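With our numbering, you'll find the sequence shown wraps up at 1567, consecutive numbering, no jumps.
The C-beta atom is built at its ideal place from N, Cα and C for all residues, glycine as well.
Predicted model only: the values in this text are computed from it and were never measured.
This report concerns only the one structure given below.
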Amino acid sequence: MRLKTKIILICSLVVLFVSVICSMAAFYTMRAGYLDTAMGQGVQRAADCFADIKGRIVNLQLDSGKIDRNVMEYIIKDTATKAGGGMLACFYINDTGEKTAIYNDTIFESRHLEQADYQNVSDNLEQAELKWGKQYFGVYRSQNNSYPEYQIYMLADITYVQDRINLIGIGLVVLIFFISMLAYVVLSAMMNKVLSPLQELNASAKQIACGNYNQRIMVKQRDEIGELSDNFNRMAEAVEIRTHSLEESEKRKTLFMGNLTHELKTPLTAISGYAKTLLTVKLPEEDKEEALSFIYEESCRLERLSKKMMNLLLLEKEEDIVKSPISAKELFSNVQAVCSGKLKEADIELECYENGQMFLVDRDLFVEVLVNLIDNAIKASRQGNRILLTAGEYSITVQDFGKGIPKEEQEKILEPFYMIDKSRSRKSGGAGLGLAITAMILKRHDCQFEIESTVGKGTRIILQFV
């Protein structure tokens, strides 16, 4: 069962239950009121009739202790005519206790009237409710004071009260039905309006499940559903960003594996070819030495490549690194010692500038960063150029005056295996992993990599500590 149907059903049942309870309360209240009114009128009418009968009997001024039956019958008939809606019955009781009807315009016999459950009201007036097809209200009076031989009953047909109450009951049932139907219609309209954002959420969720991650919901109301819509939009945005990130990561991994395969294939092919030649062909000693030298160089290249790959894998694990304070002077001194051979071979001078700055870094890793940057600066520089290594308050700068890096290439140089001048890099034994390792180390140090470069004038790399 859908949420909308559940809410409408529950609310409709609540409305129906409340309507039934209120209607029943109103029904029984009106029923009691109508019956009390009818009974009160019956009691008053009976009291008036009994008082009239008593007064007329007294006015006859009869000396005898008994009233003549004919006179009594006349008085009762005359009173019944004037009663206006009341039914009278009068019975004569002889000395032996036998009861004879003097007058009876009711539908009941003496035994029925005697079996009725009368309750005292006042001054010997009693009331009863008799039911034989209709509803009656009866008042009984025994003339037991002066005239004990007579019993007088007065009944009033109050069936009209029950008919009126039944009509009210039917009206209340119809009213309950219309209230329930109206509540259902109003609730349906309200639920359609209130739950429309949830329907949009459902549709957008289906779209996202199908791969359309750019789906968003317009937030129309500032309530819980609006808050849910807002959170859904943020979730969809996060999913979209994450999906694009995974797609880019997958592309980079595919490219990485392709480049790695290519980088490994070239030296392995050469090594295999030279080894097969040495095994199958008799070469002069000079050619053998050349072949073995090439095999050794390519093996060393593979070793360097495997070490760099291992560094990349270790850095991607994001294990904690141990940082310790180190002065710029000591850091630059270590870098100069590592790069001195390449600098001398390329006839390039490294100029270091520092003023006692201290940096919180992992010594070995950061030395590798600066060595990689200077190594790239050497490759980009011409013979006789210089490279500047400068320490700022919260930064370290490496600047060369070589070829420079084109604008479209600057965002790609940190990718693994990416090389601007591929022929030159391979000749120098590079594989395009140095700056990728540098980027990983800088990330672990919360250090930003900034590049300023102009083609033909040189490149300036700024390592900015956060």
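Whose C-alpha, out of the options, is nearest the C-alpha of residue i?
{"i": "I1542", "options": "L1117, S1297, F1279 and I1422", "result": "I1422"}
{"i": "K1155", "options": "A1481, I1176, E1510 and I1109", "result": "I1176"}
{"i": "A1492", "options": "E1452, T1539, F1118 and S1482", "result": "E1452"}
{"i": "M1188", "options": "G1442, V1470, I1253 and L1380", "result": "I1253"}
{"i": "N1171", "options": "T1201, A1148 and L1403", "result": "T1201"}
{"i": "N1313", "options": "S1394, T1344 and S1211", "result": "T1344"}
{"i": "S1455", "options": "L1489, V1470 and K1424", "result": "Contrary to the premise, residue 1455 reads as Glu rather than Ser in this sequence. Answer by Cα proximity: L1489."}
{"i": "I1449", "options": "F1502, S1554 and I1269", "result": "F1502"}
{"i": "G1457", "options": "N1435, S1428 and L1471", "result": "S1428"}
{"i": "R1103", "options": "K1558, E1390, M1292 and S1554", "result": "M1292"}
{"i": "V1240", "options": "Q1300, V1159 and A1139", "result": "A1139"}
{"i": "L1302", "options": "A1478, F1128, D1331 and V1287", "result": "D1331"}
{"i": "V1462", "options": "K1544, A1478 and E1390", "result": "K1544"}
{"i": "E1510", "options": "S1554, P1426, L1214 and S1373", "result": "S1554"}
If you draw a straight line from the C-alpha of residue i to the C-alpha of residue j, how long is it?
{"i": "S1113", "j": "E1348", "result": "50 Å"}
{"i": "E1250", "j": "Y1261", "result": "34 Å"}
{"i": "V1222", "j": "I1271", "result": "Note that V1222 scores a pLDDT of 37, beneath 50, so its modelled location is shaky; the value from the coordinates is reported in the next line. The straight-line gap from Cα to Cα measures roughly 33 Å."}
{"i": "F1433", "j": "S1400", "result": "31 Å"}
{"i": "D1224", "j": "L1283", "result": "In this prediction, D1224 has a pLDDT of 37, which is less than 50 and means its spatial position is unreliable; what the coordinates show is noted afterwards. Approximately 54 Å, taken between the alpha carbons."}
{"i": "R1487", "j": "E1446", "result": "13 Å"}
{"i": "A1304", "j": "V1119", "result": "37 Å"}
{"i": "L1276", "j": "S1297", "result": "31 Å"}
{"i": "D1547", "j": "R1464", "result": "15 Å"}
{"i": "V1556", "j": "P1507", "result": "6 Å"}
{"i": "Q1142", "j": "T1106", "result": "53 Å"}
{"i": "I1475", "j": "A1438", "result": "12 Å"}
{"i": "F1238", "j": "G1134", "result": "15 Å"}
{"i": "R1483", "j": "G1505", "result": "12 Å"}
{"i": "F1395", "j": "F1460", "result": "42 Å"}
{"i": "T1560", "j": "K1480", "result": "12 Å"}
{"i": "V1144", "j": "T1182", "result": "18 Å"}
{"i": "N1334", "j": "S1289", "result": "27 Å"}
{"i": "G1485", "j": "F1467", "result": "27 Å"}
{"i": "Q1228", "j": "D1153", "result": "Any reading at Q1228 is ruled out, since the residue's pLDDT is 47, under 50, leaving its predicted position unreliable."}
{"i": "V1340", "j": "L1329", "result": "16 Å"}
{"i": "K1424", "j": "E1338", "result": "36 Å"}
{"i": "L1273", "j": "Q1263", "result": "15 Å"}
{"i": "A1127", "j": "V1121", "result": "10 Å"}
{"i": "L1403", "j": "E1469", "result": "19 Å"}
{"i": "F1151", "j": "L1256", "result": "12 Å"}
{"i": "S1441", "j": "A1540", "result": "23 Å"}
{"i": "L1369", "j": "A1376", "result": "10 Å"}
{"i": "K1430", "j": "V1436", "result": "10 Å"}
{"i": "I1158", "j": "F1192", "result": "16 Å"}
{"i": "S1398", "j": "E1386", "result": "One point to set straight first is that residue 1398 is Glu, not Ser, in the sequence displayed. Straight-line Cα distance between these residues: approximately 18 Å."}
{"i": "E1199", "j": "T1180", "result": "25 Å"}
From the DSSP secondary-structure annotation, give me the bridge partner or partners of residue i.
{"i": "R1487", "result": "E1450"}
{"i": "E1551", "result": "I1563"}
{"i": "L1461", "result": "P1426"}
{"i": "K1508", "result": "Answer is none; K1508 lacks a bridge partner."}
{"i": "Y1261", "result": "Per DSSP, none; premise fails for Y1261."}
{"i": "Q1500", "result": "L1489 and R1561"}
{"i": "N1456", "result": "BP columns for N1456 are empty, so no partner."}
{"i": "K1200", "result": "I1194"}
{"i": "N1267", "result": "Paired residues: none, contrary to the question."}
{"i": "N1205", "result": "A1190"}
Does residue i come within less than 8 Å of chain C when only Cβ atoms are used?
{"i": "N1303", "result": "Within the model displayed, chain C is absent; a lone protein chain is all it includes."}
I need the DSSP call for residue i, collapsed to helix, strand or coil.
{"i": "Y1254", "result": "strand"}
{"i": "F1566", "result": "strand"}
{"i": "T1180", "result": "helix"}
{"i": "M1188", "result": "strand"}
{"i": "G1239", "result": "strand"}
{"i": "Y1495", "result": "coil"}
{"i": "K1523", "result": "Caution is warranted here: a pLDDT of 46 is assigned to K1523, below 50, making its placement in the model unreliable, and the coordinate value is therefore given only provisionally. K1523: helix per DSSP, three-state reduction."}
{"i": "I1194", "result": "strand"}
{"i": "N1477", "result": "helix"}
{"i": "N1313", "result": "coil"}
{"i": "M1638", "result": "Residue 1638 is absent from the structure shown; the chain starts at 1102 and stops at 1567."}
{"i": "V1119", "result": "helix"}
{"i": "D1324", "result": "coil"}
{"i": "V1382", "result": "coil"}
Report back the beta-carbon spacing between residue i and residue j to the nearest angstrom; my notes put them in contact at under 8 Å.
{"i": "I1203", "j": "E1174", "result": "5 Å"}
{"i": "I1552", "j": "T1498", "result": "With 8 Å as the limit, I1552 and T1498 do not qualify as a contact, their Cβ atoms being about 11 Å apart."}
{"i": "S1281", "j": "L1110", "result": "Incorrect: roughly 11 Å between the Cβ atoms, too far for contact."}
{"i": "N1473", "j": "L1380", "result": "Not quite, the Cβ-Cβ distance comes to about 38 Å (not below 8 Å), so this is no contact."}
{"i": "F1550", "j": "S1496", "result": "Rounded, the Cβ-Cβ distance is 11 Å, inconsistent with contact."}
{"i": "A1371", "j": "L1384", "result": "Actually they do not touch by this definition, with Cβ atoms about 16 Å apart."}
{"i": "M1125", "j": "I1269", "result": "Between I1269 and M1125 the Cβ distance is about 12 Å, and since that is not below 8 Å, they are no contact."}
{"i": "Q1236", "j": "I1208", "result": "About 13 Å; that fails the 8 Å criterion."}
{"i": "I1326", "j": "Q1316", "result": "At roughly 17 Å, the Cβ-Cβ gap does not stay under 8 Å, so I1326 and Q1316 are not in contact."}
{"i": "A1190", "j": "N1205", "result": "4 Å"}
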